[in-house]
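There are 2 protein chains.
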Amino acid sequence: MNNQQDGGPLTLRDVAAAAGVSLATADRVVNGRPGVSEKTASKVNEAVQRLGFRPLAAAAELARARSWRFGVVLPRGSNRFMLDIADHIRAQADWFRARRIAVEIIETDVFDADRLAAELAGLPGRFDGVAVVALDHPRIRVAIDDLVDAGVAVVTLVSDSPSSRRRHYVGIDNIAAGRTAGSLVGRFLGRPRGDDPGGSIGIVTGSGSLRDHAERRFGFGQVMTEEYPHLTRLVPVEGRDDPERNRALVRRMIADTPDLVAIYNTGEGSVGIGEALAEAGLARRILCVGHELTPATRRMLLDGTFAALVAQDPGHEVRSMARVLHALVSGQEIIAAQEHIRVEVILRDNLP
Amino acid sequence: MNNQQDGGPLTLRDVAAAAGVSLATADRVVNGRPGVSEKTASKVNEAVQRLGFRPLAAAAELARARSWRFGVVLPRGSNRFMLDIADHIRAQADWFRARRIAVEIIETDVFDADRLAAELAGLPGRFDGVAVVALDHPRIRVAIDDLVDAGVAVVTLVSDSPSSRRRHYVGIDNIAAGRTAGSLVGRFLGRPRGDDPGGSIGIVTGSGSLRDHAERRFGFGQVMTEEYPHLTRLVPVEGRDDPERNRALVRRMIADTPDLVAIYNTGEGSVGIGEALAEAGLARRILCVGHELTPATRRMLLDGTFAALVAQDPGHEVRSMARVLHALVSGQEIIAAQEHIRVEVILRDNLP
DNA sequence: CCCGTTTTGAGTTGCGCACCTCAAGAAACT
DNA sequence: AGTTTCTTGAGGTGCGCAACTCAAAACGGG
Numbered sequence: 001m002n003n004q005q006d007g008g009p010l011t012l013r014d015v016a017a018a019a020g021v022s023l024a025t026a027d028r029v030v031n032g033r034p035g036v037s038e039k040t041a042s043k044v045n046e047a048v049q050r051l052g053f054r055p056l057a058a059a060a061e062l063a064r065a066r067s068w069r070f071g072v073v074l075p076r077g078s079n080r081f082m083l084d085i086a087d088h089i090r091a092q093a094d095w096f097r098a099r100r101i102a103v104e105i106i107e108t109d110v111f112d113a114d115r116l117a118a119e120l121a122g123l124p125g126r127f128d129g130v131a132v133v134a135l136d137h138p139r140i141r142v143a144i145d146d147l148v149d150a151g152v153a154v155v156t157l158v159s160d161s162p163s164s165r166r167r168h169y170v171g172i173d174n175i176a177a178g179r180t181a182g183s184l185v186g187r188f189l190g191r192p193r194g195d196d197p198g199g200s201i202g203i204v205t206g207s208g209s210l211r212d213h214a215e216r217r218f219g220f221g222q223v224m225t226e227e228y229p230h231l232t233r234l235v236p237v238e239g240r241d242d243p244e245r246n247r248a249l250v251r252r253m254i255a256d257t258p259d260l261v262a263i264y265n266t267g268e269g270s271v272g273i274g275e276a277l278a279e280a281g282l283a284r285r286i287l288c289v290g291h292e293l294t295p296a297t298r299r300m301l302l303d304g305t306f307a308a309l310v311a312q313d314p315g316h317e318v319r320s321m322a323r324v325l326h327a328l329v330s331g332q333e334i335i336a337a338q339e340h341i342r343v344e345v346i347l348r349d350n351l352p
Numbered sequence: 001m002n003n004q005q006d007g008g009p010l011t012l013r014d015v016a017a018a019a020g021v022s023l024a025t026a027d028r029v030v031n032g033r034p035g036v037s038e039k040t041a042s043k044v045n046e047a048v049q050r051l052g053f054r055p056l057a058a059a060a061e062l063a064r065a066r067s068w069r070f071g072v073v074l075p076r077g078s079n080r081f082m083l084d085i086a087d088h089i090r091a092q093a094d095w096f097r098a099r100r101i102a103v104e105i106i107e108t109d110v111f112d113a114d115r116l117a118a119e120l121a122g123l124p125g126r127f128d129g130v131a132v133v134a135l136d137h138p139r140i141r142v143a144i145d146d147l148v149d150a151g152v153a154v155v156t157l158v159s160d161s162p163s164s165r166r167r168h169y170v171g172i173d174n175i176a177a178g179r180t181a182g183s184l185v186g187r188f189l190g191r192p193r194g195d196d197p198g199g200s201i202g203i204v205t206g207s208g209s210l211r212d213h214a215e216r217r218f219g220f221g222q223v224m225t226e227e228y229p230h231l232t233r234l235v236p237v238e239g240r241d242d243p244e245r246n247r248a249l250v251r252r253m254i255a256d257t258p259d260l261v262a263i264y265n266t267g268e269g270s271v272g273i274g275e276a277l278a279e280a281g282l283a284r285r286i287l288c289v290g291h292e293l294t295p296a297t298r299r300m301l302l303d304g305t306f307a308a309l310v311a312q313d314p315g316h317e318v319r320s321m322a323r324v325l326h327a328l329v330s331g332q333e334i335i336a337a338q339e340h341i342r343v344e345v346i347l348r349d350n351l352p
């Protein structure tokens, strides 16, 4: 019953026949089970190669007949972007269930390394795969490595811990994101003409200890130094992603900086910046670039308060996380090109 | 053998038990087969809702045990973007095979409506699903509708034919793309200051008859008229996406336009524009914005000849096309949010 | 040569579902 | 009442693979 005769799909049966072995032997080779001589194994592998056999994903998954438990460790709190991530996870519930995946969202204080490490230490046994918004901190690195050693598939999400042995990072290149913001600010301000004095750029950031924000500031600074040396960068102020704090900080910034021409916010809470500018009657007169698309930033993009946003798509990230964890636990290959998360530039005109 | 007792996965068996009907009846309802009274059907549906049942994707796919034949109709020729689309289709071969999908690429002259229509007429029977780079032309609309009537799932790819009854369009909103290009050009040129005379903007386009290019010109013009009235738009010149023609056109444009400040190319062949500028020693002095990321545009983005690209991701489009066609032929739902193709802005700093 | 080990073949089971047949029962007709 | 139509249940089959058992065959060492 060689399927290949009738043009049907290529099955393991065909491989076995082509290699001149039994189905059982072919199965042993393909699934890496012991008890096959090297000679026979290479015969089978050669046939797999020659025929281009790939196990039918659906059949393999069905036959494996096991379910997976994934945990996603997110920062507790009201950060809009993280809420979006959580929403997208819930929105993907059907996708997960159709693949026998149970997802649990674990909210914790990711800014407290000890607590996060303790949380991670309790995960082995509870989960087959874990995605974590990581702090780049030695204690977290160790906690992640322990998870990996316990046989859990670990990926970092949004914020990486590159020194750990996590299998994958799902998120954007934050240096590139900062550079992109820098180029937008530089180009939007225009080349200095004649006696153009340049001007000062205010930088609002979340916290000095977050790797993603630090990388964005770094990338932003790179471009500014290289390409726009006529512009002055003010010392970054930390608003901890809180709109209220950002508003106060920007209010003071406006008062203290007569030649303020632009503001770059590396994190959330952009709405506070917009409010401070509106109070001072400076909305649309001072160039603003921020990160992430939220209802608030969308509104400010539409009304012109913000000229551009540098963003990452939380939906893509959640789907990528799901695919990568699923591939890792079920021993499939990761298609790198597909899992690359893009640094997106959003203007008023290409709002999704 | 109620799986729910042991916390196992939720199966159709459980639904049937919960609804107090047999497996066969539950199956009839779930798969929309006839012969079930309305009362019983609603009982089953209620149980499906209440328990949150979803057929296990792998099992459903395996059981359906049928393969699909998809055809992708692409323009013949050397257009780099279309070659990328074809490459991505080939790169997805494994994904397709794992889902029993055989994909055939059909190259034809999409600019010749008669020939394209004839090509489409020959597809029913050969394919279960077809993706076509459509010309928005009455003859093509009829040909697409005929395909749909013949029971073929049809989606348009990259270029739409919105008046047809195609089930889905996989591609970007080209008006938004043109608007985005317009905003980039306008903002990059900067606000007029003092006695700033504005300047002229050259527009290079592929052909007047392509819907996507026309829409881009329209969107570009919208933004220019609304926001940057001090800038003059030259009459678009048609280079048919050919670098050589574009080079000649831009050479003439440079000679004829002393106040040329920017060039917008709605299509391909941007490399010819870069060459003409380089010859005249104007590279990086005249602002260029184009479309699509190719090896050539990537290079010109890096060397500063082009300031920005407005792009669509061919990989995303191919994957979306595959998902949508697969969903259509197998009666699954399309997740609209996931299938939205974004208008991407690519600067030197966020090159993927 | 025999004996023990390794390798291989043959076969079974089950994953969850789609799809089919057949027959029994219920309801709606004449 | 009998007859026809509709509805439901029971059961089987197969999709392609993973994972297993058991026995036969091949192999290696003494």
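Here the protein sequences come in this chain order: A and B. Yeah, the first sequence ends on 352 if you go by the UniProt record's numbering, and it's all consecutive. Yeah, the second sequence ends on 352 if you go by the UniProt record's numbering, and it's all consecutive. Glycine is no exception: its CB is placed at the ideal position from the N, C-alpha and C atoms.
Measuring straight from C-alpha to C-alpha, what distance separates A/G171 and B/D173? Computed Cα separation, rounded: 26 Å.
CB-CB length for B/F70 against B/I106, believed under 8 Å: Here B/F70 is actually not in contact with B/I106; their C-beta atoms are around 11 Å apart, not less than 8 Å.
Give a yes or no on whether the minimum CB-CB distance between B/Q5 and chain A is below 9 Å. Any reading at B/Q5 needs caution, since the residue's pLDDT is 49, under 50, leaving its predicted position unreliable; the model's value is listed next. B/Q5 does not count as touching chain A.
Note the first and the last residue of the continuous beta strand (DSSP E) segment covering B/P75. First-last of the beta strand (DSSP E) with B/P75: W68 to P75.
Would you call A/N31 buried or exposed, if buried means 16 or more other Cβ atoms sit within 10 Å of its Cβ? So A/N31 counts as exposed.
Using a Cβ-Cβ cut-off of less than 7 Å, give me the residues of the region 46-70 of chain B that come near chain A, in sequence order. If the cut-off is 7 Å between Cβ atoms, the region 46-70 of chain B has R54, L56, A57, A58, A59, E61, L62 and S67 near chain A.
Out of curiosity, what's the CA-to-CA distance linking A/P314 and A/H88? Approximately 7 Å, taken between the alpha carbons.
Where B/A177 and B/G186 are concerned, what is the direct C-alpha to C-alpha distance, given to the nearest angstrom? Rounded to whole angstroms, B/A177 to B/G186 spans 14 Å at the Cα level.
Could you give the DSSP three-state label for A/L56: helix, strand or coil? Residue state, collapsed to three classes: coil.
Near B/I175, what residues of its chain come up, given a Cβ to Cβ distance below 7 Å and the 5 sequence neighbours on each side ignored? Around B/I175: E215, F218 and G219.
Identify which residue in A/N265, A/V250 and A/Y264 has its Cα closest to the Cα of A/P258. By alpha-carbon distance to A/P258, the top candidate from A/N265, A/V250 and A/Y264 is A/V250.
Cross-strand partners of A/S200 (DSSP beta bridge): Here A/S200 is bridged, per DSSP, to A/T232 and A/L260.
Just to confirm the assignment, what range does the beta strand (DSSP E) spanning B/A280 have? Under the DSSP assignment, B/A280 falls outside any beta strand (DSSP E); it carries neither an H nor an E label.
Quick check on A/S320 - is its C-beta less than 9 Å from some C-beta in chain B? So no, A/S320 is outside the interface.
Using a C-beta to C-beta distance shorter than 8 Å, which residues of chain B count as neighbours of residue 371 of chain A? One cannot answer for residue 371 of chain A here, as it falls past the ends of chain A, which runs 1 to 352.
Taking 9 Å as the CB-CB cut-off, is A/R323 touching chain B? No, A/R323 lies away from the interface with chain B (no Cβ there is under 9 Å from its Cβ).
Within the 9 Å Cβ cut-off, does A/R348 reach chain B? At least one chain B Cβ lies under 9 Å of A/R348.
Note down, one range per segment and in chain order, each beta strand (DSSP E) of at least 3 residues found wholly within the region 143-184 of chain B. You should have 153-157 and 168-170.
Express the C-alpha separation of B/L184 and A/D349 in angstroms, rounding to a whole number. Roughly 10 Å separates the two Cα atoms.
Beta-carbon of A/R97 versus every beta-carbon of chain B: anything under 9 Å? Yes, contact with chain B.
For the beta strand (DSSP E) that contains B/H137, what are its first and last residues? Where B/H137 is concerned, there is no enclosing beta strand (DSSP E), given that its DSSP letter is neither H nor E.
Within its chain, find whatever has a CB closer than 7 Å to the CB of residue 391 of chain B; leave out the 5 residues flanking it on each side and keep chain order. Nothing can be reported for residue 391 of chain B, as the shown portion of chain B is limited to 1 through 352.
Cross-strand partners of B/E104 (DSSP beta bridge): In the DSSP secondary-structure assignment, B/E104 is bridged to B/G71.
So which residues of chain B does A/G190 contact, with C-beta pairs closer than 7 Å? Residues of chain B passing the Cβ test: G190.
Start and end of the alpha helix (DSSP H) containing B/I341? In the DSSP annotation of this structure, B/I341 is not part of any alpha helix (DSSP H), being labelled neither H nor E.
When the Cα atoms are used, what is the spatial distance from A/A134 to A/V310? Between A/A134 and A/V310, the C-alpha separation is close to 21 Å.
Identify which residue in B/H168, B/L51 and B/D303 has its Cα closest to the Cα of B/L10. Among B/H168, B/L51 and B/D303, the Cα nearest to that of B/L10 is on B/L51.
A/G125, buried or exposed, once every other Cβ within 10 Å from all chains shown has been counted against 16: Label assigned to A/G125: exposed.
If distances are taken between C-alpha atoms only, which option among A/R165, A/I334 and A/R179 comes closest to A/V345? Taking only the C-alpha atoms, the option nearest A/V345 is A/R179.
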